[in-house]
Amino acid sequence: MATAFAKAADTESVEHAARIEHVSKSFTGPTGQQLVLDDITLDVAPGEFVTLLGASGCGKSTLLNLVAGLDDPTVGSITTNGRPALMFQEHALFPWLTAGKNIELALKLRGVAKNERRDRAERLLELVRLQGSYGKRVHELSGGMRQRVALARALAQDSGLLLMDEPFAALDAITRDVLHDELTRIWAETGVSVLFVTHNVREAVRLAQRVVLLSSRPGRIAREWTVDIPQPRRIEDAPVAELSVEITEVLRGEIRRHGQH
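Residues 12 to 272 (the working numbering) make up the sequence shown, in order.
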């Protein structure tokens with residue numbers, strides 16, 4: 012069934028930013044049909060930050076692609092409040108365009124008038140703390156700066172749901188920690204809903220209001236945790252570490268269970 016994008020007229024009346032109902036996904040492989048996701052049901056509330064966690068190959072990115080509408084579920088349905096914005100692990104910026112023009116391209120595709128685009132791009136760069144970077148080329152930006160531009164471009168789509176597929180995985184630890192702070196701030200300021208894929212347990216706990224653990228293939232929801240730790244959080248905070256240890260033990264159990272089959 013195809014993913015449905017339903018834009019509500021009154022966002023205050025919206026019950027969910029994304030609703031995933033009994034979704035399964037199979038691919039045809041050399042040995043026949045391979046079940047990647049099995050009976051996933053999950054809601055993301057308006058303004059909620061949810062992380063999808065699991066071992067490599069458990070179907071996290073596949074599920075994110077289904078929510079983005081890049082593929083269709085084999086079984087089940089997905090609805091979202093408007094078309095989601097998607098941010099990848101790689102920044103995917105066009106190197107022949109400046110930082111500002113990369114953002115303006117998203118605004119153009121949204122139908123924003125030409126005489127408004129520069130001002131909006133400048134404001135989005137300010138939001139991600141890259142004031143003065145409008146005219147910089149991609150090669151002039153550090154890895155962290157490129158991901159900030161990619162985030163600004165995603166926000167330029169004016170979506171109520173931001174899908175993030177391990178966007179900080181390739182960055183060094185210090186840059187990643189800084190961007191955790193920035194993402195948390197932007198999420199709080201904008202009220203956007205976030206569905207964030209990671210294999211890093213501490214990153215999941217550091218960022219999210221709710222952590223959803225997928226079992227190894229086929230991916231099923233193994234367990235969920237509500238993260239009742241006040242923001243701002245640090246990745247080294249004791250409560251973050253304690254919950255991370257608990258989640259890691261469950262994750263290891265899932266990996267061991269999968270390895271026995």
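All C-beta atoms, glycine included, are put in the ideal place defined by N, C-alpha and C.
Here the structure is a predicted model, which is why all the values come from computation and not from measurement.
DSSP state of residue i mapped onto helix, strand, coil
i, result
"threonine 52", "strand"
"histidine 210", "coil"
"arginine 228", "coil"
"alanine 249", "helix"
"arginine 267", "helix"
"glutamine 45", "strand"
"glycine 87", "strand"
"glycine 65", "coil"
"leucine 97", "strand"
"alanine 233", "strand"
"serine 204", "strand"
"serine 255", "helix"
"isoleucine 31", "strand"
"valine 261", "helix"
"leucine 104", "coil"
"arginine 159", "helix"
"aspartate 183", "coil"
"lysine 147", "coil"
"aspartate 82", "coil"
"arginine 221", "strand"
"glycine 40", "strand"
"glutamate 26", "coil"
"leucine 77", "helix"
"leucine 174", "strand"
Contacting residues, own chain, Cβ-Cβ under 8 Å from residue i (five flanking each side not counted)
i, result
"isoleucine 240", "Val216, Asp248, Pro250, Val251, Leu254"
"arginine 150", "At residue 150 the sequence reads histidine, which differs from the arginine that was named. The answer, listed in chain order, is Pro106."
"glycine 68", "Ser227, Arg228"
"leucine 262", "Leu64, Gly65, Ala66, Val212, Leu224"
"tyrosine 145", "Thr109, Ala110, Gly111, Arg129, Ala132, Glu133, Leu136"
"glutamine 220", "Glu59, Phe60, Val61, Thr237, Val238"
"asparagine 126", "none"
Cβ-Cβ separation, residue j to residue i (assumed contact under 8 Å), whole Å
i, j, result
"valine 208", "lysine 71", "4 Å"
"arginine 164", "alanine 117", "5 Å"
"glycine 155", "valine 189", "7 Å"
"leucine 173", "leucine 138", "Not a contact, Cβ separation roughly 13 Å."
"proline 95", "valine 34", "Contact doesn't hold; Cβ gap of about 15 Å is too wide."
"arginine 121", "glutamine 168", "6 Å"
"glutamate 235", "valine 222", "7 Å"
"leucine 104", "arginine 157", "6 Å"
Option nearest residue i by Cα separation, candidates the options
i, options, result
"arginine 30", "Tyr145, Ala163, Gln44, Leu53", "Leu53"
"proline 57", "Leu218, Leu225, His210, Thr91", "Thr91"
"asparagine 76", "Arg231, Ala184, Asp176", "Asp176"
"histidine 102", "Leu224, Val238, Leu182", "Leu182"
"arginine 196", "Leu218, Ser88, Thr39", "Leu218"
"serine 170", "Asp192, Ala184, Gly202", "Gly202"
"methionine 98", "Ala199, Val222, Glu26, Arg159", "Arg159"
"alanine 28", "Gln100, Ile89, Leu81, Pro41", "Ile89"
"aspartate 50", "Thr39, Gln44, Gly87", "Gly87"
"glutamine 100", "Ala161, Gly264, Ala79", "Ala161"
"glutamate 214", "Arg244, Val78, Gly80", "Arg244"
Own chain partners of residue i with C-beta closer than 6 Å, once the 5 adjacent residues on each side are dropped
i, result
"alanine 66", "Ser227, Ile266"
"leucine 274", "This structure cannot settle anything about residue 274, because the visible part of the chain is limited to 12 through 272."
"phenylalanine 179", "Arg187, Leu190"
"isoleucine 258", "Val212"
"aspartate 82", "Asn76"
7 Å Cβ shell around residue i - same chain, five flanking residues per side excluded
i, result
"glutamine 242", "Thr195"
"methionine 12", "Any reading at methionine 12 must be qualified, since the residue scores a pLDDT of 49, below 50, and its modelled position is unreliable; the value itself is stated next. Closer than 7 Å at Cβ, skipping near neighbours: Asp83, Pro84, Gly87, Ser88."
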